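Going down the list, the protein sequences come from chains A and B.
Here our numbering is used: the first residue of the first sequence is 14, the next is one more, and so on.
Here our numbering is used: the first residue of the second sequence is 280, the next is one more, and so on.
Using N, Cα and C, we set each Cβ at its ideal position, and we do this for glycine too.
What you are looking at is a predicted structure, and each value in this text was computed from that prediction instead of being measured.
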Amino acid sequence: MGLLFERHHKPLFGFIYHMTGQTAYSEDLVQSVFYRMLQYRHTFKGKGEFKSWMYHLTRNLIKDTFRKSNRIDYIEDVSKISPSIESSQDFEKKQESERLHKSISRLKSEHKEVLVLSKFQEMNYKEIAEVLKTTKANVKVHRAMKELKSMYLIKEQ
Amino acid sequence: MNPESDNQHSDLEDRFISLLNEDEKLSLLSIFESSPETKASFEATQAIWGDMERLTVPDATSMDIKATFHENLGRFKTKEKGSFWATLKSLFTYKPSYNWAYALLLLGTGSMFGYFIGQPSLSTHEEVKRLSEEMQDMKQIMMISMLDNPVATERIKAVSYIQEMTEVDGQVIDALHSTVTIM
């Protein structure tokens, strides 16, 4: 388990961070995911990918905790999303990144999941379908992108 | 733009995000040629997709993250080791080494059992010895009676049988002598 933690805790942290926008909370949730993996290790039958099973558990855990705490599913912690600024160009870029980050945060949860898994976790459609327990045909990144684009471009105007 | 072609574009857009092959790229280019709005929309999507690269994730630098994990792991192991259910579950968990050990134990027990059962006892040894002595005596009596037989062929047969015998007593030798003298 120690080896699995070494290998997967960073990408998992990234996934939770992109889904929730909170650093401390993401760290806590990484711990919870690994603890849950220990508890439910018998449910991993060895069929399919371990990674998919892990992300599926994570996804359920995010949903559970947010349902329990009844919070909005995203709290922005944008101060850490970009490197420190040096010039006005960098400043503009940072502004854009923050806006994009905010736009992603406002996406529907299912769109956000698809986008984060595809873009940041670099999963293909088959892997995303396994995580979301759906078919490959139901994984529509373009719908998520469409929503993101409309949010992002509207803000820009 | 009709819904069907809109769907087709979306699918291509999706695949562009993952990977397009040459044919699909050509097909996409022909769509762009016929519809500049689609091209603009696609480029905007691409730009956003590219911009997303800039969204970095803060390092999970809290040094505690690993320590907390190992602490949790240790706590989980202790908890599981002590629990009744874990002990019970471990008894019913399939362990191939147990099968091998059991098979070897059965084989060993069987071999030992077979060895001791198959071993003849001391009394059996004595019995066999006594029987063989009795047989020897009977043979000698038979030889004497054959040598005393008035029929010559029977006496000759008796001489030939005696040749095969390893141990004979004086009585048989005397009978043999008298037979040979008569013959």
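Where residue i sits in the DSSP three-state scheme
i, result
"residue 152 of chain A", "coil"
"residue 24 of chain A", "helix"
"residue 453 of chain B", "helix"
"residue 62 of chain A", "coil"
"residue 391 of chain B", "helix"
Contact set between residue i and chain B, taken where Cβ atoms lie within less than 8 Å
i, result
"residue 78 of chain A", "Per Cβ cutoff of 8 Å: no residues; residue 78 of chain A is ~17 Å from chain B at best."
"residue 110 of chain A", "330, 333, 334"
"residue 165 of chain A", "327"
Extent of the continuous alpha helix (DSSP H) to which residue i belongs
i, result
"residue 398 of chain B", "Careful: residue 398 of chain B lies outside any alpha helix (DSSP H) and carries neither H nor E."
"residue 429 of chain B", "First-last for residue 429 of chain B: undefined, no H or E at that position."
"residue 38 of chain A", "36–52"
"residue 305 of chain B", "301–313"
"residue 103 of chain A", "101–118"
"residue 135 of chain A", "That residue, residue 135 of chain A, is in no alpha helix (DSSP H); it is neither H nor E in DSSP."
"residue 123 of chain A", "122–128"
Within chain B, the residues that residue i reaches when beta carbons sit closer than 9 Å
i, result
"residue 46 of chain A", "Here the premise fails: no neighbours, minimum Cβ distance about 10 Å."
"residue 21 of chain A", "Those do not exist, as residue 21 of chain A stays about 11 Å from chain B at its closest Cβ, beyond 9 Å."
Chain-ordered neighbours of residue i on chain A, where CB pairs are closer than 7 Å
i, result
"residue 331 of chain B", "113, 132"
"residue 319 of chain B", "Those do not exist, as residue 319 of chain B stays about 11 Å from chain A at its closest Cβ, beyond 7 Å."
Residue i versus the options, residue with shortest Cα-Cα distance
i, options, result
"residue 347 of chain B", "A/22, A/157, A/165, A/151", "A/22"
"residue 330 of chain B", "A/124, A/110, A/162, A/123", "A/110"
"residue 53 of chain A", "B/335, B/313, B/355", "B/355"
"residue 113 of chain A", "B/335, B/394, B/437, B/458", "B/335"
"residue 79 of chain A", "A/156, A/50, A/24, A/29", "A/29"
"residue 159 of chain A", "A/45, A/117, A/51, A/63", "A/117"
"residue 446 of chain B", "B/435, B/419, B/314", "B/419"
"residue 436 of chain B", "B/450, B/459, B/416", "B/459"
"residue 105 of chain A", "B/449, B/337, B/450, B/333", "B/333"
Amino acids of chain B, ordered along the chain, whose beta-carbon sits closer than 7 Å to that of residue i
i, result
"residue 18 of chain A", "348"
"residue 36 of chain A", "337"
"residue 162 of chain A", "323, 324, 327"
8 Å Cβ cutoff, residue i in contact with chain D
i, result
"residue 27 of chain A", "Among the protein chains in the structure shown, which are A and B, there is no chain D."
Contact set between residue i and chain A, taken where Cβ atoms lie within less than 9 Å
i, result
"residue 310 of chain B", "Simply none; closest approach about 14 Å."
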